[in-house]
Each structure stands twice: as C-alpha cells, then as structure tokens.
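If you're matching them up, the sequences are chains Z and P in order. Quick note, in my numbering, the first sequence goes up one by one and the last residue is 504. Quick note, in my numbering, the second sequence goes up one by one and the last residue is 593. This report refers to the structure that appears directly beneath it.
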Amino acid sequence: MPTDRIDNSAVLENARLNEEEYRERKVCLKSYPQAIFVQVDGPCNHECLFCSRPKVYSHFDLDRFRSRYEDLLMPVLTRVSRINITGSGELLFLPEAKRNLDYFNRYVHAEKMFATNGSSLVPKMVDHIAVSGNRYTIHVSLHSSNENLHRLITASNSYPVVMENLKYIKKVKREIENLRINYIFVMTSQNARNLKDFIRLAYGNGADGVVVYYYYVYRLDQKSASCYFIKDAVNDILREAEEELDSLTGKDGRQMDLILPPRFGVEYEMSGALCKEAWSQVMVNSGGDIISCDVAGDSRENISGKSDFMEVWNGRYYIDLRRNLIEGKYDCASFCWRANPNTVNDFRSHVITRGKSEEEIRELLEVTEE
Amino acid sequence: MKVVLIQCPVWGTREPPAALVQLSGHLKSLGIDTRCFDLNNHLYRRRSDEISTMWAWEQSMSWYDGGWVRGFFGSISKVIDEFTDAIAGCEPGLAAFSVSASTYHASCFMADMIKRRRRGIKVIFGGPAFLDPGYIGKAFSDSPADFLAIGDGETILPALIRALDTGGPIESCPGLYYRKGKRSVYTGDAGDFSLLDKMAFMDYSDLKIEDYDDAVHVAMMSSRGCVWKCAYCSTRAFARGYRAMSAERIHQEITYHRICNFDAKRKDNLGHIDFMDLEFNGRMDRVKEFCRLMIDYPPCAFLPQMKWVANAIIHPDLDRDMLQMIKDAGCRKLIFGIETGSERVLKLMKKPYSVNVAKRIIKDAFEAGLEVTTNFMFGFPGETEEDFQKTLDFVKEVGKYIERVYPSRTYCAVEQFSYMQEHLEEFGIKPPVNHHLYWETADGTNTYPVRLERCSRFEELCSGLGVKVDCGVKTSVEMDNWYNLGHYYEYGREYAKAAEYFLKYLEKDPKNEIVLSRVKAIRRQQGLTSVMKKELEKYVGREG
Ligand code: B12
Ligand code: SF4
Numbered sequence: 135m136p137t138d139r140i141d142n143s144a145v146l147e148n149a150r151l152n153e154e155e156y157r158e159r160k161v162c163l164k165s166y167p168q169a170i171f172v173q174v175d176g177p178c179n180h181e182c183l184f185c186s187r188p189k190v191y192s193h194f195d196l197d198r199f200r201s202r203y204e205d206l207l208m209p210v211l212t213r214v215s216r217i218n219i220t221g222s223g224e225l226l227f228l229p230e231a232k233r234n235l236d237y238f239n240r241y242v243h244a245e246k247m248f249a250t251n252g253s254s255l256v257p258k259m260v261d262h263i264a265v266s267g268n269r270y271t272i273h274v275s276l277h278s279s280n281e282n283l284h285r286l287i288t289a290s291n292s293y294p295v296v297m298e299n300l301k302y303i304k305k306v307k308r309e310i311e312n313l314r315i316n317y318i319f320v321m322t323s324q325n326a327r328n329l330k331d332f333i334r335l336a337y338g339n340g341a342d343g344v345v346v347y348y349y350y351v352y353r354l355d356q357k358s359a360s361c362y363f364i365k366d367a368v369n370d371i372l373r374e375a376e377e378e379l380d381s382l383t384g385k386d387g388r389q390m391d392l393i394l395p396p397r398f399g400v401e402y403e404m405s406g407a408l409c410k411e412a413w414s415q416v417m418v419n420s421g422g423d424i425i426s427c428d429v430a431g432d433s434r435e436n437i438s439g440k441s442d443f444m445e446v447w448n449g450r451y452y453i454d455l456r457r458n459l460i461e462g463k464y465d466c467a468s469f470c471w472r473a474n475p476n477t478v479n480d481f482r483s484h485v486i487t488r489g490k491s492e493e494e495i496r497e498l499l500e501v502t503e504e
Numbered sequence: 050m051k052v053v054l055i056q057c058p059v060w061g062t063r064e065p066p067a068a069l070v071q072l073s074g075h076l077k078s079l080g081i082d083t084r085c086f087d088l089n090n091h092l093y094r095r096r097s098d099e100i101s102t103m104w105a106w107e108q109s110m111s112w113y114d115g116g117w118v119r120g121f122f123g124s125i126s127k128v129i130d131e132f133t134d135a136i137a138g139c140e141p142g143l144a145a146f147s148v149s150a151s152t153y154h155a156s157c158f159m160a161d162m163i164k165r166r167r168r169g170i171k172v173i174f175g176g177p178a179f180l181d182p183g184y185i186g187k188a189f190s191d192s193p194a195d196f197l198a199i200g201d202g203e204t205i206l207p208a209l210i211r212a213l214d215t216g217g218p219i220e221s222c223p224g225l226y227y228r229k230g231k232r233s234v235y236t237g238d239a240g241d242f243s244l245l246d247k248m249a250f251m252d253y254s255d256l257k258i259e260d261y262d263d264a265v266h267v268a269m270m271s272s273r274g275c276v277w278k279c280a281y282c283s284t285r286a287f288a289r290g291y292r293a294m295s296a297e298r299i300h301q302e303i304t305y306h307r308i309c310n311f312d313a314k315r316k317d318n319l320g321h322i323d324f325m326d327l328e329f330n331g332r333m334d335r336v337k338e339f340c341r342l343m344i345d346y347p348p349c350a351f352l353p354q355m356k357w358v359a360n361a362i363i364h365p366d367l368d369r370d371m372l373q374m375i376k377d378a379g380c381r382k383l384i385f386g387i388e389t390g391s392e393r394v395l396k397l398m399k400k401p402y403s404v405n406v407a408k409r410i411i412k413d414a415f416e417a418g419l420e421v422t423t424n425f426m427f428g429f430p431g432e433t434e435e436d437f438q439k440t441l442d443f444v445k446e447v448g449k450y451i452e453r454v455y456p457s458r459t460y461c462a463v464e465q466f467s468y469m470q471e472h473l474e475e476f477g478i479k480p481p482v483n484h485h486l487y488w489e490t491a492d493g494t495n496t497y498p499v500r501l502e503r504c505s506r507f508e509e510l511c512s513g514l515g516v517k518v519d520c521g522v523k524t525s526v527e528m529d530n531w532y533n534l535g536h537y538y539e540y541g542r543e544y545a546k547a548a549e550y551f552l553k554y555l556e557k558d559p560k561n562e563i564v565l566s567r568v569k570a571i572r573r574q575q576g577l578t579s580v581m582k583k584e585l586e587k588y589v590g591r592e593g
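Here it is as structure tokens:
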C-alpha cells in the first residue's frame, strides 16, 4: 500500500472504535491497536544503573523485520496513530539508522516516538527527522542535570556530548513544529535530589515536558537504589518539583508538561479506570514476540506463523489479559503503579520479574520484608 | 554458545586487529555472546629487549617458522598458560582464530593449548591465510582445528554457530572445510557479505583502542577489494571485486566511535581515522558524499575536527575542488601508489593513468593543504635504468609537493596471487620464482641487489632534495639493507657475502635474535674465511 496516501479517516475511525471497545470492556476487538511499539534494538554506549537490556541481544534489521512481519503488521501500521520505535540501546546508533527512520516515516499519519540517551541524537539525525515532515516525540533519558551524577548513573562520559546535542535541538525546534522533546528522569535514590535542577535544565533548554518515573529493579544489586526506600523524601521532592515548575512558568510564561509518578502513602481514587494498554497498544520485538507493554509479565504471544494480525490481537494471550484486567485478577492491577497508582506502596510494583526464576523473584522481593 | 575470537602473533599493534573487532561487533549484533583475545598485543606489551624487533614487519620472519614459535612459546609458558586460562575461563563453545600467513604457527599452537584446556571446544580457523590452498592442505594436520573457513566471517560464523547450537548439519554451513574421518570436506562457497552497510560497528569492548600503540585513532576498512588490477598487486585478490560501505554508513560509525570514546579529560578524543581501504576513492561519488557529511556534520562538532588518512588511487576526478573538499572534510594525508615515473612501466604495471595526471594531482593536493605520501617500487620487471631515471626525475619535479615518500623495502616482489606471479613469462621473469623477493629477469639484468641499489639511490636523491623518506622500518635503512642482503646471499648459498652483511648488522644490534640465528646457521658453511668465522664466533660462541 502506498503508505504516504493513507486515508487519515481510517486512523480516526479506528481510534474511535478502539476507545469505544475499551469503554465497553470488549474482550474480543474489531478495532486495531492505536499504537504499535516496534522494539528497535541497537548498540549502546551507556551502562545505566537501572538498565534492563540483556548482555547480548540482536540488533534491529529492517529487512528482516519487513520480510517477517510487515505483511502481518500492515493493517496495524496503517491505522495506528503512534509508532513507538524503541528497544534496548540506541536506535540512532544503528548502521542503517536513517534508512530505518525513513521506513517508519512512510507511515506519515502516525506520530513517531522513541527514547534515546541523547548521545546519538546528533545534529545529522535531528535534521533528518526535522525535514521528514513527520511528527516526532523524543524521550531523552537524561536522568541528571550535571556531569558527575550523569556519569554515576550511566557509567559514561557522554554528558557534554548530550548537552551539545540538546543545544542543537533547541535551535532546530524554534524553526519546526513537528518535534516534541521530553526529558526523562528515572528516579533512584541517587538522583532524586537532583530533580529540581533537572526541571530547570529542561525548562531552560526548551523541552516540552519532563517525565519522571520510579525506577524498576531488574537485578538484585540494583535494589537499594529504589525510591521505595526513601518514600518520604520522594514525596517532598515531587512536591518541590511542581513548585519549581510553577515558579519557572510564572516568570517566563512558557508552559512545560511535568508528568510525575504517584506519591507514596496517598489514597488514589481508582474510579473503575483500568489500564488501557491491552486495548490500545501492541509491542513486537525482532523475534516476533508480542507483549502488551514494557512492564508486562512473562506470558507472551508470537506473531510468527500467524496468517492474520487478528489471530494475535484476539488470540488467547490478549483475550486472557483483557478478561483478567476487567476482572481485576491480573498482576497489572495489583503491581503496576501505572495501571493502579495505589500499588506504588507495594515493593512489587517497583520490580520487574519478567524472565526471572521463582528463586530470583523471591530474592528480589525479599527486601520488602527486611 | 559463547564464542571467543583470537588473534595470534604476529600482527600489527597500532590498533586492535580489524578482523576481531569487526567480527565481534557483527556477532554481538546477532545476539551471539562473543569475547576477543589478542595474544599478539598481550605479548608485544610484555616483550623484552631481545625480541623487541620481532614485531617490526621487516623482521617478523621467525613467526613463519613453526619450530621457532613452539620454542618461543615454550620459553614463556607461564604467560601462555595464563592467557589460555583466561580464554578457557569464558567457557566458550567455539574458539575462532583469525589467521594470516604470519599468525599461522602461533594459531596452531594456541589452538592446541585451548583444545587441551577445554574439552569439547570446537576450533575454527579463518582469515586471509586460507586463500592459499597450501594452508588448507596442512592446517588439519598442523593443528587440531575442526573447521577451516574461506571467506567472510560475517557470513560463515553465524551459520556455523547456529548449527553447533542446534546440532544442525555442518554440511549446510557454507564456506567451511571440516574433518570427515581422514578426509576433509568442503561445504561450498559462502558468498561475500556484500552489503557492507549492514555490518555492525566494530566492537572495542574487549580490545580497547587505548591499549594499542596509537591510542587515538579508529582504523576502518570501509571497502573490500579494489577497482584497479595492478599487475604486481596481491592484496586485491583477498576480496572478490569491489564492495564499499556508503558514505552515510562510514559517517555513522565514525560518529559512534568518537562519541563512545569521548572523555572530556582527554585532549585527543579519538581525533583520527585511518582508512585501511586498499584505496578509498574507487567510487568518487562516495568520497564526495562522505566529505559533505564530515563538513556538514563533524562528529562531535565541539571538539577539534577529526582528521583522516587514506590510500588513494590517481583518479582523474581528483580535481582542485574535490581535493579542497577532501581537505575541508578533515583529510590530513592521501597516500598514492605512484610506484614509477615512467609511462612505459606504468603501462606494464597495468595502472590506468598517466604520469602527468599523477603530477597534477600531487601538486593540487599539496596546494589544497593535504599531505601527500607516495609509494615507489624499484625494478619492476621491464624497468630499465632509463625508466628508473624517470622515477628520479618525477621526484625532482614534484618532490616539493610531497610530504614523504615511501620506498618499498621489498623493492618489487612477485607476490602470491598477483597477476604477475601468474604470468611470469609476460614479464620476462625467470621461472620458477622460488622466493618472492629474490626473483630475477630472464636476461639477468634485474636482480635483488640491483633493485636494492636503485632503492638506495632513490632514497639518496630524496634526502638530497629534502623530501622526507619513510622507510617503514623500525631499524635504520642501512641496517635493513644489511639485513636484507645477508638473507639474500644466504638464500643463494653465498655464505661469505651473507656473513659480511650479518656482521655489519650485528655491530649495531648485537643481540638481534634473528640475525644471531642466521649466523649460527651459516657459520660452519663452506666459503667462510677463518677470520670471518672468528668474527662470527664473537657473537654466538664456538658451540653456538
Ligand atoms: C589492513 C591490513 C594490515 C594492517 C592490519 C591492521 C589491523 N588493525 O588489523 C597491518 C598494517 C597491521 C597489517 C600488517 C601485516 N599484514 Co596485512 N593486511 C591488511 C589488509 C590490507 C586488510 C586486512 C583487514 O584488516 N581487513 C579488514 C578485516 C575486517 O577483514 P579481514 O582481516 O580480511 O577478515 C575478514 C575475513 O578474512 C574473515 N576472517 C578473518 N578472520 C577470520 C576468522 C574466522 C574464524 C572466520 C570464519 C573468518 C575470518 O572475516 C573477516 C571479516 O569479513 C590485508 C589485505 C586485504 N586485502 O585483505 C593485508 C594482509 C591481510 N596482510 C598481510 C600480511 C602478510 C601482513 C604482515 C604479516 C606482513 C606484511 N607483509 O605486511 C603484517 C603483520 C606483521 C606486523 N609485524 O605487523 C597479508 C596476509 C597474507 C596471508 N596469506 O595470510 C594480506 C592479505 C596482504 C597480502 N596481500 O599479502 N596488515
Ligand atoms: S591500486 Fe592498489 S590495491 Fe588496487 S590493484 Fe593497484 S595495488 Fe592493488
């Protein structure tokens, strides 16, 4: 299909139907997901404290992706309103990075989104994105507003490189409208106190938003850095962060989004809302594995060998997932603070257990009792 | 399955071995757990004075001698044991050796060590050595290797690893020789890894750039093969045809390494690129685009501009504008294989350009601010004294634009796999050629000493003109001449003459292991005077 001539009304109609089906708690869907998350894995130059990437993993290869999955995913790619192209490592450090972007840019109707540690977001890539005419939201995983802390968290020397790149983006952003930049702050006990400065840096650099996450523990040695152990301090830090932004906007007038994680010890009203990702998003990796979101558990679906995307979308995995979510039986409701903010008070919502043995999970979670 | 890639001596030590870092990057990008081990650099870093010239390319012959390698490794068994332990400690399922003629014996030795240390491990040999069928013939008896690979590791290794992991048939992994009883079986041509743009970046995580001599550059081979077919050339044969990465792909990788190696505390910050391409400008459109990218998007623009050096052919499109662009893109130096100043010899060499174009390009490159290095050869078959004079005239005319000349210290060799080697008669070379350096023309006018003498005259002229001469040898030119002539006369069984040159050499470098071993070998030969024998005994003793 000539993707640059995709009828935008099909995208809108799919989104409408998808919202409706979610509202109506449909388990079997007629609509396609509104977002697709293609895991584009690349080489990485950082060793972040909280990184979940495996020691070795295969890098994204566009030709392989296309030959294996394009036909199956075409009905999705042509209907989604967002394509997220993020995986382990830096997609812009792939040898064929531009070619990969060009491919996804063919689905002009969809906003593109990816995360980067910022070092690969060099002027060449920024210009390439800018002239593509596509809407992009880029998450810059910076986590720190100073070089030493950045080095501590990322085990890299690249802070000055990232700053230079961000300076360039600031300049380019003034001239084009299709680029949104969010600064990402994964909060650990090490950088939490830096959040106020971080907001100031992001604001000064013309970022569109700051998104703060609690960091997920994947390995035993990472446990102590969890914000779970500094709950009171974190609540203060989040409050100060809001105040800081208020004061900045008060002086300058420019608005910037600030998305904070739920606070500890607060009773959040759930009003029957349930995590939408199982209705609205599909994630696919280079092996064809399908999961609903990045913090999903071990069970998964695989697209290889299917003859139609709907076999996945309305297959056992998704049906069970949606049904369990509706019935409140699924882990997400109990252990995911994105799905249920009240779970933030449970250490399990700060741990990712995917791929771990029972023994490892027990050890990881043990700390709660300590 | 975990894979270890191993480099044995002797190899370069300026930067990590290209095949290892390239293959490691590629295998990792396919999700294969890979580690690299460079025994060459490991030993080089720990070398003692006596063997320090062993890594000089002109004196690396010992490594081609299996007996010597076994003896040497035996004498440093502790180091070798520890190195083997480190490899085995990774618990690899496959040990892959990158083998060239110069690393063959050390690889055989180490393969044996590793096989003993880690039961069940599979060993594969691959690399340039196996273009030579001779090595295929003997590697299975000289070493415990399970597989010999012919061709690009990027195509061969993933298939083999998959087969070993899954118990799949080896017969379906192309590019391999494997043992079947007493026979060896070939699985067929693996084809080239043709899309160089798909090649993952070199991986320096085990072999760090800063642990090598130069420490500040990335060495990159952005193409394979060459667009020309010079008659004497052996290197182009190691790749079929010509394959090249796109300019964008090269720029991506350079940018990646500069960013990954950035350290605000360091001044240099990976400021250099050495292109190892046989020639960088086989496709001028690629060069132009690369320059455009380096100018518009200098990697880490806030640092001093990256500089680069490349081999180049005399391409008519290297006009003033192009050369200026090359300079602006950070090129510091272009190295041209000029080889001769004689139009006639150029034709014999099958080099498709004229002397005047070469002169024009050298001058324009100089005026654009580029350093120009030019390689020269001496005594190409068919070169007369008159032709040689034209080479001298060439330097007299354009020497002022040349930053340095690089006279070949092998003068003119009949290299394996070269057109010349396969067409001796066409070039008037007396068959058979038993030694690639010591060949002669059928009419006897062109011999090794003649070529050496022309080289000396050439160097003398350059020095007189103030043109820098880079001999590429770690000793001195004078010593290299003695060393070469000593070997030449020993080879021709003219022992008195050989002794004369070796003695001269030893006066300057009395502990040189290689020369001492030659002296031991010849000192009881016929034709030496008693005075000479006594002189030799001064260095090796009576019993030596
Ligand atoms: C660059 C180069 C060098 C550089 C290497 C720099 C570095 N960092 O590695 C330097 C200058 C150090 C060098 C030195 C020498 N070199 Co050199 N070098 C080359 C050149 C031009 C390119 C090699 C290269 O790096 N290619 C890029 C890499 C990625 O490719 P590759 O090594 O070929 O490896 C590929 C395949 O061979 C295969 N492969 C390699 N290893 C393995 C292992 C396995 C298990 C498998 C499956 C596959 C596999 O996959 C790889 C990726 O595709 C070649 C000529 C050529 N056209 O290839 C000569 C060449 C390899 N050199 C050669 C020689 C002889 C030498 C020297 C020993 C002596 C000399 N005359 O120069 C010296 C070393 C002595 C010393 N003291 O330094 C010979 C080897 C001949 C032979 N039959 O083995 C060649 C072929 C030149 C020639 N025409 O004779 N060299
Ligand atoms: S230009 Fe160089 S690499 Fe190419 S054929 Fe001639 S000598 Fe060989």
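The C-beta atom is built at its ideal place from N, Cα and C for all residues, glycine as well.
Helix, strand or coil: which one does DSSP assign to residue i?
i	result
W104(P)	helix
A357(P)	According to the sequence shown, residue 357(P) is Trp rather than Ala. DSSP places W357(P) in strand when its eight states are reduced to three.
T83(P)	strand
T62(P)	coil
Y532(P)	helix
P136(Z)	In this prediction, P136(Z) has a pLDDT of 45, which is less than 50 and means its spatial position is unreliable; what the coordinates show is noted afterwards. P136(Z): coil per DSSP, three-state reduction.
C222(P)	coil
Q438(P)	helix
Y235(P)	strand
D195(Z)	coil
H321(P)	strand
E503(Z)	Legend: pLDDT at E503(Z) = 42, less than 50; position of this residue unreliable, value from coordinates given subsequently. Here E503(Z) sits in coil by DSSP.
G343(Z)	strand
R292(P)	strand
What number of angstroms, rounded off, separates the C-alpha of residue i from the C-alpha of residue j?
i	j	result
V276(Z)	S292(Z)	The question names Val, but residue 276(Z) is Leu in the sequence shown. So the two alpha carbons sit approximately 11 Å from each other.
M135(Z)	D205(Z)	For M135(Z), the pLDDT reaches just 46, beneath the cut-off of 50, and the residue's location in the model is therefore unreliable, although a value from the coordinates is still provided. Looking at the two C-alpha atoms, the distance is approximately 10 Å.
E376(Z)	L392(Z)	8 Å
E503(Z)	I333(Z)	Residue confidence is low: E503(Z) scores 42 on pLDDT, short of 50, so the model does not pin down where it sits. Its coordinate-derived value is still stated next. C-alpha separation (whole angstroms): 34 Å.
R595(P)	E140(P)	Any answer about residue 595(P) is impossible in this case: the structure gives chain P only from 50 up to 593.
F86(P)	S73(P)	11 Å
T509(Z)	V345(Z)	Residue 509(Z) is absent from the structure shown; chain Z starts at 135 and stops at 504.
R289(P)	G176(P)	14 Å
L183(Z)	L354(Z)	12 Å
S143(Z)	D442(Z)	23 Å
Give a single yes or no on whether residue i has its beta carbon closer than 6 Å to a heavy atom of ligand 2.
i	result
T284(P)	yes
I362(P)	yes
L397(P)	no
L327(P)	yes
G386(P)	yes
Ends of the beta strand (DSSP E) at residue i?
i	result
P456(P)	453 to 456
R273(P)	272 to 274
Should residue i be counted as a contact of ligand 3 given a C-beta to heavy atom distance under 6 Å?
i	result
C275(P)	As far as ligands go, the structure on display features ligand 1 and ligand 2 and does not contain ligand 3.
Got a sec, what are the start and stop residues for the alpha helix (DSSP H) residue i sits in?
i	result
M505(Z)	With chain Z running from 135 to 504 in the structure shown, residue 505(Z) is simply not present.
I362(P)	No alpha helix (DSSP H) contains I362(P), which DSSP labels as neither H nor E.
Any heavy atom of ligand 1 closer than 6 Å to the beta-carbon of residue i?
i	result
G290(P)	no
W104(P)	yes
Q71(P)	yes
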